[in-house]
Amino acid sequence: MSAALEYLRTSPLTWIVVTLLTYRAGVWLRDRTGGHPLAQPVFIAAGLVMALLAAVDLDYETYMEGGLLIHVLLGPATVALAVPLHRQAHHLKEMLVPLLVALPVGTLVSIGSAVLTVRALGGDRALELTVAPKSATTPVAIGIAEQIGGVPALVAVFTMLAGLLGAVVGPGLLDRLRIRDHRVRGLALGAVSHGVGTSRALHDHPTEGAFAGLSMGLTALLTSLLVPVVIALL
Amino acid sequence: MINGALWVLGCQLVGEVVVRWLGLPVPGPVLGMVLLFGVLSVRRPGPQSGTLRVADGLLRHLQLLFVPVTVGIMVHAGTIRQEWLPVTGGLVLSWTAGLATVAGLATLLVRRRGTSGETAPGDAS
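Those sequence lines, one after another, are chains A and B.
Position one of the first sequence corresponds to residue 1 (my numbering), numbered consecutively onward.
Position one of the second sequence corresponds to residue 1 (my numbering), numbered consecutively onward.
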């Protein structure tokens, strides 16, 4: 009996099933609440998994032996963002100028304001360098932090928090700013909340999702180019 | 479906290899996305194409794929608690500033060009 229980506690298979189940619960809750902004499946699932891991006293590394199998699909899913973009290709030409101007300026503002706010609130240099690349998608942000002397393990946390902000309060804030154009909403969400914001945008509207995916890709590129410049200046 | 998976994974593989080969500061999958966009623009597949179905399947549950990374937040809960003020302030302020900048500038530029976008219903959630 105890061998069976120990298998259940530590097996990667258990944690794949748990991740799928808690995500399923998150989707159910989102639909049940009529798409309440706080009911983001990723948010609910991660919270439930963390609670379960604490309850059975299991560490993150053991959880990730199963979680990794789900995590590796992020790469192909990023490539797959070409498909919604392809469906919106007719919008691309008219959006070229907004894309080429708004995204670089937005990226500069994201990086610069992150560094300056952390400094003003008493964070040290390492923390400034760790928050600076948070708008880029997680793997890119980690790479940048390694280059400039941030704390790579913490970068993943900050990018996820930036993503969750986009999924939870992003669309509501855009409503309040009276931004109704789905192309613009997508650009803004992808620029500050990468894949997590993109998944919310895809759920809300196909055009919004397509532009969020495009914006996420370009922001990743711009962030890796601009972070070294900004931190040299500030 | 196999052909669809091959197109998607093939583009990622090429992206990953090219990024390392040329030392580009972009992640492989992002370059893969650009490649697949090029492939789709040239081949113009019909709505029943395997590539489109594989991609739609992956994207329908994109949030699921972020669950394992998000659970990783628990490892750093202590550090975040200690430095909660600069962390929260830096994240929320710069996230808001970035969002407002991109949304505001893009709106201005779209209007200047006089193109009309599809508009969201007022009660968009």
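For every residue, glycine included, the Cβ atom is placed at its ideal position computed from N, Cα and C.
Nonlocal neighbours in the same chain, by C-beta distance under 6 Å from residue i, ignoring five residues either side
i, result
"Leu127/A", "Val118"
"Glu146/A", "Pro152"
"Gly236/A", "As shown, chain A starts at 1 and ends at 234. That puts residue 236/A outside it, with no answer to give."
Separation of residue j from residue i, as counted between CA atoms
i, j, result
"Glu16/B", "Gly32/B", "8 Å"
"Trp7/B", "Ala4/A", "41 Å"
"Lys134/A", "Ser94/B", "10 Å"
"Tyr63/A", "Arg111/B", "49 Å"
"Trp28/A", "Val230/A", "43 Å"
"Leu100/A", "Thr79/B", "37 Å"
"Ala220/A", "Leu48/A", "30 Å"
"Gln12/B", "Ala103/B", "30 Å"
"Met216/A", "Arg185/A", "13 Å"
"Ala97/B", "Arg60/B", "29 Å"
"Pro25/B", "Ser110/A", "19 Å"
"Val115/A", "Phe158/A", "13 Å"
"Leu52/B", "Leu91/B", "36 Å"
"Leu234/A", "Leu177/A", "30 Å"
"Gly57/B", "Ala232/A", "43 Å"
"Ala46/A", "Leu226/A", "31 Å"
"Gly23/B", "Ser2/A", "51 Å"
"Pro98/A", "Ser113/A", "21 Å"
"Val18/A", "Arg24/A", "10 Å"
"Ala120/A", "Trp84/B", "13 Å"
"Ile240/A", "Ala55/A", "Absent from the structure is residue 240/A, since the part of chain A shown begins at 1 and ends at 234."
"Gly46/B", "His90/A", "16 Å"
As assigned by DSSP and simplified to three states, the class of residue i
i, result
"Asp181/A", "strand"
"Met1/A", "coil"
"Phe43/A", "helix"
"Leu121/A", "coil"
"Asp57/A", "coil"
"Val169/A", "coil"
"Phe66/B", "coil"
"Gly89/B", "helix"
"Leu38/A", "coil"
"Ser49/B", "coil"
"Val49/A", "helix"
"Val151/A", "coil"
"Pro25/B", "coil"
"His91/A", "helix"
"His203/A", "helix"
"His61/B", "coil"
"Val110/B", "helix"
Among the options, the one whose alpha carbon lies nearest that of residue i
i, options, result
"Met160/A", "Ala55/B, Val67/B, His61/B, Met1/B", "Val67/B"
"Trp15/A", "Phe211/A, Ala51/A, Pro104/A", "Ala51/A"
"Gly122/A", "Gly4/B, Leu58/B, Val19/B, Val87/B", "Val87/B"
"Leu109/B", "Arg180/A, Leu96/A, Pro104/A", "Leu96/A"
"Leu187/A", "Leu202/A, Leu214/A, Gly170/A", "Leu214/A"
"Leu68/A", "Leu38/A, Leu13/A, Val140/A", "Leu13/A"
"Pro84/A", "Phe37/B, Gln48/B, Gly50/B, Ala103/B", "Phe37/B"
"Asp57/A", "Met74/B, Gly90/B, Val30/B", "Met74/B"
"Leu35/B", "Ala77/B, Leu65/B, Leu9/B", "Leu9/B"
"Val79/A", "Met1/B, Pro29/B, Leu105/B", "Pro29/B"
"Ala39/A", "Ala5/B, Thr107/B, Ala106/B, Gln63/B", "Gln63/B"
"Arg30/A", "Glu94/A, Thr19/A, Phe43/A, Leu226/A", "Phe43/A"
"Gly75/A", "Thr137/A, Phe211/A, Met1/A", "Thr137/A"
"Arg44/B", "Gln88/A, Val155/A, Val72/A, Leu8/A", "Gln88/A"
"Leu8/A", "Gly66/A, Arg180/A, Gly112/A", "Gly66/A"
"Gln48/B", "Gly4/B, Arg20/B, Val71/B, Pro27/B", "Gly4/B"
"Gln82/B", "Leu92/A, His91/A, Ile144/A, Asp124/A", "Asp124/A"
"Ala212/A", "Leu81/A, Ala156/A, Val131/A", "Leu81/A"
"Gly172/A", "Gly35/A, Thr19/A, Glu6/A", "Gly35/A"
Residue span of the alpha helix (DSSP H) that contains residue i, given as start and end
i, result
"Leu31/B", "28 to 43"
"Ala136/A", "Taken as a continuous stretch (DSSP letters only), Ala136/A belongs to no alpha helix (DSSP H), as it is neither H nor E."
"Ser215/A", "206 to 233"
"Glu16/B", "2 to 22"
"Ile235/A", "Here chain A comprises residues numbered 1 to 234, so residue 235/A is not present and cannot be evaluated."
"Gln82/B", "77 to 82"
"Pro84/A", "82 to 87"
"Thr307/A", "Coverage of chain A is limited to positions 1 through 234, which leaves residue 307/A absent and any answer about it impossible."
Own chain residues within Cβ distance below 7 Å of residue i, not counting five before or after
i, result
"Gly166/A", "Leu189, Val192, Ser193, Val196, Gly197, Arg200"
"His182/A", "His205, Thr207, Glu208"
"Gly106/A", "Ala191"
"Gly170/A", "Leu189, Ser193, Gly197, Arg200"
"Ile144/A", "Pro133, Ala136, Thr223, Ser224, Val227"
"Thr33/A", "Ala39"
"Met1/B", "Gly50, Arg53, Val54"
"Ile70/A", "Ile16, Thr19"
Check: residue i C-beta below 7 Å from any heavy atom of the ligand MG
i, result
"Gln147/A", "Questions concerning the ligand MG fall outside what the structure shown contains, since it holds no ligand whatsoever."
Neighbourhood of residue i by C-beta, 8 Å cutoff - its chain only, sequence neighbours within 5 removed
i, result
"Leu103/A", "Leu187, Ala191, Ser215, Leu218, Thr219, Leu222"
"Asp59/A", "Leu53"
"Leu40/B", "Thr51"
Beta-carbon neighbours of residue i, restricted to chain E and to distances below 9 Å
i, result
"Leu226/A", "Checking the listed chains, one finds no chain E in this structure; the protein chains it contains are A and B."
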